[in-house]
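Q: Got a structure for you, written out below as structure tokens; questions coming shortly.
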Amino acid sequence: MSAAARAPPPPRALYAPSRRVPFGAVILSAPRPGARVRAARPREGNVHNHCLLTSSSLNSSSLLCPPCNCAQMALADTRIAYQPEVDKHAGVLAYELVQGNLVQWNSFMDKSIPDPPTAVLLHGILGSRKNWGSFAKRLAQEFPMWQFLLVDLRCHGDSTSIKKSGPHTVASTALDVLKLIMQLRLTPRVLVGHSFGGKVALSMVEQAAKPLARPVRVWVLDATPGKVRAGGDGEDHPAELIEFLRRMPEQVSSKQEVVDALVKGQFSMDVARWVATNLRRTSPLGQRPSSSFSWTFDLNGISEMYKSYEDTNLWRIVENVPRGVHINFLKAERSLHRWALEDLQRIYTAEELAADEGGGVEMHVLEDAGHWVHADNPDGLFRILSSTFRIETTIRGMQD
1 MSAAARAPPP PRALYAPSRR VPFGAVILSA PRPGARVRAA RPREGNVHNH CLLTSSSLNS
61 SSLLCPPCNC AQMALADTRI AYQPEVDKHA GVLAYELVQG NLVQWNSFMD KSIPDPPTAV
121 LLHGILGSRK NWGSFAKRLA QEFPMWQFLL VDLRCHGDST SIKKSGPHTV ASTALDVLKL
181 IMQLRLTPRV LVGHSFGGKV ALSMVEQAAK PLARPVRVWV LDATPGKVRA GGDGEDHPAE
241 LIEFLRRMPE QVSSKQEVVD ALVKGQFSMD VARWVATNLR RTSPLGQRPS SSFSWTFDLN
301 GISEMYKSYE DTNLWRIVEN VPRGVHINFL KAERSLHRWA LEDLQRIYTA EELAADEGGG
361 VEMHVLEDAG HWVHADNPDG LFRILSSTFR IETTIRGMQD
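Residue numbering for the sequence shown follows UniProt numbering, beginning at 1 and increasing consecutively.
Shown next as structure tokens:
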């Protein structure tokens, strides 16, 4: 049916009181007095060399709160478990498990012990698992029976040092994540992906019978299953941003140097500051950290990944949803990527078909948000996603 023959109903806007926050900031409630953030204890001597994110160890890349630049407090009663060193050598992606205070589980336990309800949170192009850190802690406090797997996708963050063979595509990225959750013996019930990560989540459903649970709920945040439509004039185009960064020196003297160069190149200040969080002080082997900075990602691989993001068409999984799969699309009201009438129409049609086939497709709109939904309106996004965890917790309780 053509768009002209049947105009789609207006998207279900979810209204959530919100206030404007700086790019990259997440509004969190402070922990109760005396509360501490506890770390899960993996096997002694087998801990990946990461810094535990506590209220005293957050740094400039950990989402600061302007204008006073005080670090956002980590939520109470959550634990952060890091990957064992052996995983790095096995080529497994870098990850964190953020666990609610009722979760008593790790991947080393007796295999007969079932894993707790798990959600996988996936970042977009030029992002990292840290993009989801504060948001995951907030979810873990609200839903203490859940754990949240945060992943650095190939060519990004700490996974950059784990060399992956090409091609660098949406499908190969999804397979990386599937291999990780198999190694961790997890059966996620919820997949949440922002932008590129949204297509990765859809590809995971397409490729896997196991290790995904049934039912599984998928959230695709501000991405369509098919053609990627960049924003209009005056907006930041990801492909142009990637190419601009590839032309910059591999090492720079300061983060401000990158911010200034990007702003001069007509990119927004918000995006420039966000990109600069991907710089890390250069530390040659056996030497003290130098005064220069280098990127934490592989720009050549990322360029290939973004091209795959533009070209990958996953409408088939949306228009023929497997039984037990529920796919939610969330459109940002002020989206960088333009949603065409055709996209909305196909999603509404798929919504009707999926209901008849035992699956589910649903469309949502997050008001007062641009493409960076978890930064622009974290309260609204939290309220929308919370419904999924309440439903899954209720279902699990009935099954038990």
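Glycine included, C-beta positions come from ideal geometry on N, C-alpha and C. These numbers were taken from a predicted model, which means no experiment stands behind them.
Could you tell me which uninterrupted alpha helix (DSSP H) segments, each at least 4 residues in length, are contained entirely in the segment 118-158, listed from first to last along the chain?
A: Counting only runs of 4 or more, we get 133-142.
Q: What's the gap between the Cα of residue 409 and the Cα of P116?
A: No statement about residue 409 is possible, as the shown extent of the chain runs from 1 to 400 and does not include it.
Q: Do you know whose CA, among W105, R247 and S112, lies nearest P144's CA?
A: P144 has its Cα closest to that of W105, out of W105, R247 and S112.
Q: Are there three or more Cβ pairs, one per stretch, closer than 8 Å when the segment 248-257 is compared with the segment 338-347?
A: No, they do not touch.
Q: Which whole runs of the alpha helix (DSSP H) in the segment 301-342 are 4 residues long or more, in chain order?
A: Qualifying alpha helix (DSSP H) stretches, in chain order: 315-319.
Q: List the DSSP bridge partners of H194.
A: H194 is bridged to L221.
Q: Please report how far the alpha carbon of V205 lies from the alpha carbon of L212, in whole angstroms.
A: Taking the straight line from one Cα to the other gives about 8 Å.
Q: Taking C-beta to C-beta, are Y309 and K164 nearer than 8 Å?
A: No; because the gap between Cβ atoms is not below 8 Å, this pair is not in contact.
Q: What's the call for N278, buried or exposed, on a 16-neighbour Cβ count within 10 Å?
A: By the neighbour-count rule (16 or more Cβ atoms within 10 Å), N278 is buried.
Q: Would you say E319 and L366 are within 8 Å of each other, going by their C-beta atoms?
A: Contact flag unset, no.
Q: When the Cα atoms are used, what is the spatial distance from R334 to F135?
A: Approximately 21 Å, taken between the alpha carbons.
Q: So what's S172 in DSSP terms, helix, strand or just coil?
A: Helix.
Q: In chain order, what residues of the same chain lie with their CB nearer than 7 Å to the CB of S386, ignoring the 5 residues before and after it?
A: Here the set comprises E142.
Q: W295 lies in the beta strand (DSSP E); which residues open and close that run?
A: Looking at the DSSP string, the run of the beta strand (DSSP E) that includes W295 is F293 to W295.
Q: I need the straight-line Cα distance from Q256 to E351, nearest angstrom please.
A: So the alpha carbons of these two residues sit roughly 46 Å apart.
Q: Identify whether K163 lies in helix, strand or coil by the three-state DSSP scheme.
A: Three-state result, K163: coil.
Q: For a quick check, are the C-beta atoms of S203 and L314 less than 8 Å apart?
A: In contact: S203 and L314 (Cβ atoms closer than 8 Å).
Q: Run through DSSP, which three-state label would G360 get?
A: DSSP places G360 in strand when its eight states are reduced to three.
Q: To which residues of the same chain is P215 closer than 6 Å at the C-beta, ignoring the five residues directly before and after it?
A: G324, listed in sequence order.
Q: Going by alpha carbons, who is nearest to V218 out of V228, L121, V192 and K111?
A: Minimum Cα distance to V218 is reached at V192.
Q: Taking Cβ to Cβ, would you say E96 is nearer than 8 Å to L178?
A: Against a cut-off of 8 Å, the Cβ pair of L178 and E96 comes out as no contact.
Q: With distances taken Cα to Cα, identify the nearest neighbour of F267 among S254, P238 and I125.
A: The shortest C-alpha separation from F267 is found at P238.
Q: Going by C-alpha distance, which of V271, D176 and S107 is nearest A375?
A: Among V271, D176 and S107, the Cα nearest to that of A375 is on V271.
Q: If you check the beta carbons only, do P188 and A261 fall under 8 Å apart?
A: For P188 and A261, no; Cβs fall outside 8 Å.
Q: Could you pull the DSSP bridge partners for Q251 from this structure?
A: Its beta-bridge partners are S294.
Q: What residue range is occupied by the uninterrupted beta strand (DSSP E) comprising L212?
A: Unbroken run through L212: none, as it is neither H nor E.
Q: My output table needs one value for D368: the three-state DSSP class, helix, strand or coil.
A: D368: strand per DSSP, three-state reduction.
Q: Between T169 and G197, what straight-line distance do the alpha-carbon atoms span, to the nearest angstrom?
A: One C-alpha to the other measures close to 12 Å.
Q: Name the residue from S253, S254, L186 and I125 whose alpha carbon lies nearest to the alpha carbon of K307.
A: For the residues S253, S254, L186 and I125, the minimum Cα distance to K307 belongs to I125.
Q: For residue 408, which residues does DSSP report across the bridge?
A: A question about residue 408 goes unanswered here, because the residues of the chain that appear run from 1 up to 400.
Q: Output the distance between the C-alpha atoms of L175 and N377, rounded to the nearest integer angstrom.
A: Roughly 30 Å separates the two Cα atoms.
Q: Among G301, D298 and T282, which one has its Cα closest to the Cα of S292?
A: The shortest Cα separation from S292 among G301, D298 and T282 belongs to T282.
Q: Shortest alpha-carbon distance to W132 belongs to which of H194, S112 and L184?
A: Here the closest residue by C-alpha is H194.
Q: Note down, in chain order, each residue of its chain lying with its Cβ closer than 8 Å to the Cβ of A201, except the 5 sequence neighbours on either side.
A: Here the set comprises V120, L122, A174, L191, V192, G193, V218, W219 and V220.
Q: Would you list the one or two residues that DSSP bridges to V216?
A: Partner(s): V325.
Q: Mind checking V92: buried by the 16 CB within 10 Å criterion, or exposed?
A: Classification for V92: buried.
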